[in-house]
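Student: In case it helps, full-length UniProt numbering puts the sequence shown at residues 1 to 85.
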Amino acid sequence: MGQLMPLLIIVGALVVVLALFTALAGHVRRRGTAGGGLRGAMAAYDEAFHGTAADSYYEIQVQTDRRSPLPDDRWKRGPRSGRRA
Numbered sequence: 001m002g003q004l005m006p007l008l009i010i011v012g013a014l015v016v017v018l019a020l021f022t023a024l025a026g027h028v029r030r031r032g033t034a035g036g037g038l039r040g041a042m043a044a045y046d047e048a049f050h051g052t053a054a055d056s057y058y059e060i061q062v063q064t065d066r067r068s069p070l071p072d073d074r075w076k077r078g079p080r081s082g083r084r085a
């Protein structure tokens, strides 16, 4: 039993740490805080090492924030051009 106790302590500690990480992952998913932090970290990395990737990131953010135009009125069919009479 004396030789088995250190192994049981290590396995127990590993189980506790994995349970804490699982609970933390569930908390982060519920709050939705993981996406913004990871996205910001990758944007900083890209800005430092890949200039064109950072430019693309900022362009995508601008496109996401941009509102799409709404149509003014119903579409009407124009005169039929190119048809022989």
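All residues carry an ideal CB built from backbone N, CA and C; glycine is no exception.
Looking at the structure shown, is GLY12 part of a helix, part of a strand, or coil, going by DSSP?
Tutor: In the sequence shown, the residue the question calls residue 12 occupies position 12. Three-state DSSP puts GLY12 in a helix.
Student: What does the alpha-carbon distance come out to for the pair GLY78 and SER56?
Tutor: Taking the sequence shown and counting its residues from 1, one reaches residue 78 at position 78. Taking the sequence shown and counting its residues from 1, one reaches residue 56 at position 56. Spanning the two alpha carbons is a distance of roughly 39 Å.
Student: Please give the ranges of any alpha helix (DSSP H) in the region 25 to 66, keeping only runs that are unbroken, at least 4 residues long and fully inside the region.
Tutor: 34 to 49, 51 to 65
Student: Are ALA54 and ASP65 touching if we call contact CB-CB under 9 Å?
Tutor: The sequence position of residue 54 within the sequence shown is 54, counting from 1. The sequence position of residue 65 within the sequence shown is 65, counting from 1. Their beta carbons are not under 9 Å apart, which means ALA54 does not touch ASP65 by this criterion.
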